[in-house]
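Using numbering that gives the first Met the number 0, read the sequence shown as starting at 0 and increasing by one per residue.
Contents: one structure, followed by commentary.
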Amino acid sequence: MKRAWTLKENYEFRRVYQRGSSAVNGSMVVYCRKNRLGRTRLGITASTKIGNAVTRNRARRRLREVFRLNRDKLQKGWDVILVARGRTVTASWKELNDVFLRSCRKLNILEGGG
Numbered sequence: 000m001k002r003a004w005t006l007k008e009n010y011e012f013r014r015v016y017q018r019g020s021s022a023v024n025g026s027m028v029v030y031c032r033k034n035r036l037g038r039t040r041l042g043i044t045a046s047t048k049i050g051n052a053v054t055r056n057r058a059r060r061r062l063r064e065v066f067r068l069n070r071d072k073l074q075k076g077w078d079v080i081l082v083a084r085g086r087t088v089t090a091s092w093k094e095l096n097d098v099f100l101r102s103c104r105k106l107n108i109l110e111g112g113g
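What follows is the structure in structure tokens.
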């Protein structure tokens, strides 16, 4: 994923957390906030509560792939943060995909209104 498509700086994450909307599910938490860039950017976090570095990196890879597969379904111009939870690593791909789309529909960021 290109650097221009990712959230990296702490102030970017804080802005989305404080002023954005969120949707919570068993496998992930989705935060989103409108940006003025005309493209959707992604940030991913995985707490040490999830497990060791191998487990956290696996969770991040899975969330990044779910976002990549569904990027075309999202409206342009949003900052999206995915927060990994305990079930992110063990959930099936179908479950992760369904949870992500359900969260996006709840936040009204899907193309065509959801």
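Ideal Cβ placement from N, Cα and C applies to all residues, glycine included.
Gly42 sits in a strand when the DSSP states are folded into three classes. Excluding five sequence positions before and after Ile80, the CB atoms of its chain that fall closer than 6 Å to its own CB belong to Val15, Tyr30, Gly42, given in chain order. Rounded to the nearest whole angstrom, the CA to CA distance from Arg70 to Arg40 is 10 Å. If you draw a straight line from the Cα of Arg67 to the Cα of Asn51, it is about 24 Å long. In the DSSP annotation of this structure, the continuous segment of the beta strand (DSSP E) that includes Ala83 starts and ends at 77-83. Nearest neighbour of Glu8 by Cα position, chosen from Trp92, Asp78, Met27, turns out to be Asp78.
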